[in-house]
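Undergrad: Please see the structure below; I have some questions.
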Amino acid sequence: MLSLSHKLQSSTFTVTTELTPPKGTDLSDLLAKADSLRGYVDGINLTESPRARLAVGPLAVAKVLKDRGHEPIVQFTTRDRNRIALQADILGAAVLGIENMVFMAGDPPANGDHPQAKPVFDLSTIDLLQAARSLKEGRDMAGNELKGRPSLLLGATANPGCPDLQREVENVRRKIDAGAQFLQTQAVYDADALRRFVDALKPDANVLVGIIPLKSSKMANWLNANVPGIAVPEALIAEMDRVAGDAQAELKTSMDICARIVTEVKSHCAGVHLMAMGWEAHIPGILEASGVRR
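Under the working numbering, the first residue of the sequence shown carries the number 635, and numbering increases by one thereafter.
What follows is the structure, encoded as structure tokens:
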């Protein structure tokens, strides 16, 4: 299987998704989901204790997936480790053959299931990108020379729906300047909004557009009310409203909408990042309906 880096470099339309490691050591459900997506996705993000809720470390899970022939992408947050530990884990990942990484701040511990935990946030996301780029070049953050350079593909996040578009563009540009080679965005439901973001950014990094399948109109309204930067158009909410209460019709409509968004955005990006949130079984159908996979 070609690496994620090779696919992005070859301008192949790329599909990634994400899975959340469990709170515990039983990986059977996660591995079954990953195996079911073989041939449909080009990379699988492994989240790092999302919403500050404890889960098994993504690096260990990435190694298991790698050994099964998958292409893992490890999320690194600056929340829990200082610069020494973060650099050590990046080098450790490279030793294990894990090259793909996405850097982000992470949710504050006060919001999670261990609210008494002390946040670290020693580095910003941009600091961490710069540190990883320095490791690729053979030196640590302190300027010390490494014995062996890691091969890394560095990623970051972006939010095309941010109300302050110019501020977001400037922030994402700093991430690219710091070393980000690809971007995974917050969920997008409006191709025009994506186009405005891409036109303003003029990125020299690959943009993978985030999409969360809308399971219901209630979910769509919740996203609008609670997730900064997500804006589900009223027309899509009305489309889901028309089938509310009919589970089969809701599923079909949701998949149709998701496939339609993939089709609408693919000319503006390098690929998509499908955040299925438990609907991983429907990713193949969405990609087939969009014409991205056959």
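We treat Cβ as the ideally placed atom computed from N, Cα and C, and that holds for glycine.
List the whole-angstrom C-beta distance separating G731 from R767, where the pair is believed to meet the contact cut-off of C-beta under 8 Å.
TA: As a working mapping, residue 731 is identified with position 97 in the sequence shown. As a working mapping, residue 767 is identified with position 133 in the sequence shown. Rounded, the Cβ-Cβ distance is 20 Å, inconsistent with contact.
Undergrad: Here's a check: name, in chain order, each residue in its chain whose Cβ is nearer than 8 Å to the Cβ of D663, leaving out the five neighbours to either side.
TA: Translated into the one-based positions of the sequence shown, residue 663 becomes position 29. Excluding positions up to five away in sequence, the list reads P656.
Undergrad: Would you mind giving the Cβ-Cβ distance between G919 and M889, rounded to the nearest angstrom? I have them listed as a contact below 8 Å.
TA: For the purposes of this step, residue 919 is taken as the residue at position 285 of the sequence shown. For the purposes of this step, residue 889 is taken as the residue at position 255 of the sequence shown. Rounded, the Cβ-Cβ distance is 6 Å, consistent with contact.
Undergrad: Which residues in the same chain have their Cβ closer than 7 Å to the Cβ of S851, if we skip the five residues on either side of it in sequence?
TA: Taking the first residue of the sequence shown as 1, we reach residue 851 at position 217. Same-chain partners within the cutoff: I871, M874, D875, A878.
Undergrad: Counting Cβ pairs, one atom from each stretch, are 3 or more of them under 8 Å apart for the region 757-765 and the region 732-747?
TA: yes
Undergrad: Does the beta-carbon distance from P847 to L769 come in below 9 Å?
TA: Here the question's residue 847 lines up with position 213 in the sequence shown. Here the question's residue 769 lines up with position 135 in the sequence shown. Pairing P847 with L769 gives a Cβ-Cβ distance that is not under 9 Å.
Undergrad: Can you tell which of D701, L720, G703 has its C-alpha closest to the C-alpha of F710?
TA: Taking the sequence shown and counting its residues from 1, one reaches residue 710 at position 76. Of D701, L720, G703, the residue nearest in Cα terms is L720.
Undergrad: Have a look at K641 and Q750 and give me their C-alpha separation to the nearest angstrom.
TA: Along the sequence shown, read from residue 1 onward, the residue named residue 641 stands at position 7. Along the sequence shown, read from residue 1 onward, the residue named residue 750 stands at position 116. Cα atoms of K641 and Q750: separation of roughly 42 Å, rounded to the nearest angstrom.
Undergrad: To the nearest angstrom, how far is it from the Cα of A694 to the Cα of A728?
TA: Within the sequence shown, the letter at position 60 stands for residue 694. Within the sequence shown, the letter at position 94 stands for residue 728. Distance between the alpha carbons of A694 and A728: 12 Å.
Undergrad: Tell me whether K836 is buried or exposed, calling it buried when 16 or more other Cβ atoms sit within 10 Å of its Cβ.
TA: Stepping through the sequence shown from its first residue, residue 836 is reached at position 202. Counting Cβ neighbours within 10 Å, K836 comes out exposed, since fewer than 16 surround it.
Undergrad: Can you name, in chain order, every residue of its own chain whose Cβ lies under 6 Å from the Cβ of E802, other than the five neighbours on each side?
TA: As a first step, residue 802 is located in the sequence shown; it is residue number 168 there, counting from the start. N793, C796.
Undergrad: Return the Cβ separation of A696 and V708 in integer angstroms, given the expectation that the two are a contact with Cβ distance under 8 Å.
TA: Against the sequence shown, residue 696 aligns to sequence position 62. Against the sequence shown, residue 708 aligns to sequence position 74. At roughly 5 Å, the Cβ-Cβ gap stays under 8 Å, so A696 and V708 are in contact.
Undergrad: Would you mind working out which of L885, P742, E705, N716 sits nearest D756, comparing C-alpha positions?
TA: Position 122 of the sequence shown, counted from the start, is the residue given in the question as residue 756. Among L885, P742, E705, N716, the Cα nearest to that of D756 is on N716.
Undergrad: Once you ignore the five residues that flank G726 on each side, which residues in its own chain have a CB closer than 8 Å to its CB?
TA: Taking the first residue of the sequence shown as 1, we reach residue 726 at position 92. Counting only Cβ-Cβ distances below 8 Å, and skipping sequence neighbours, we find L693.
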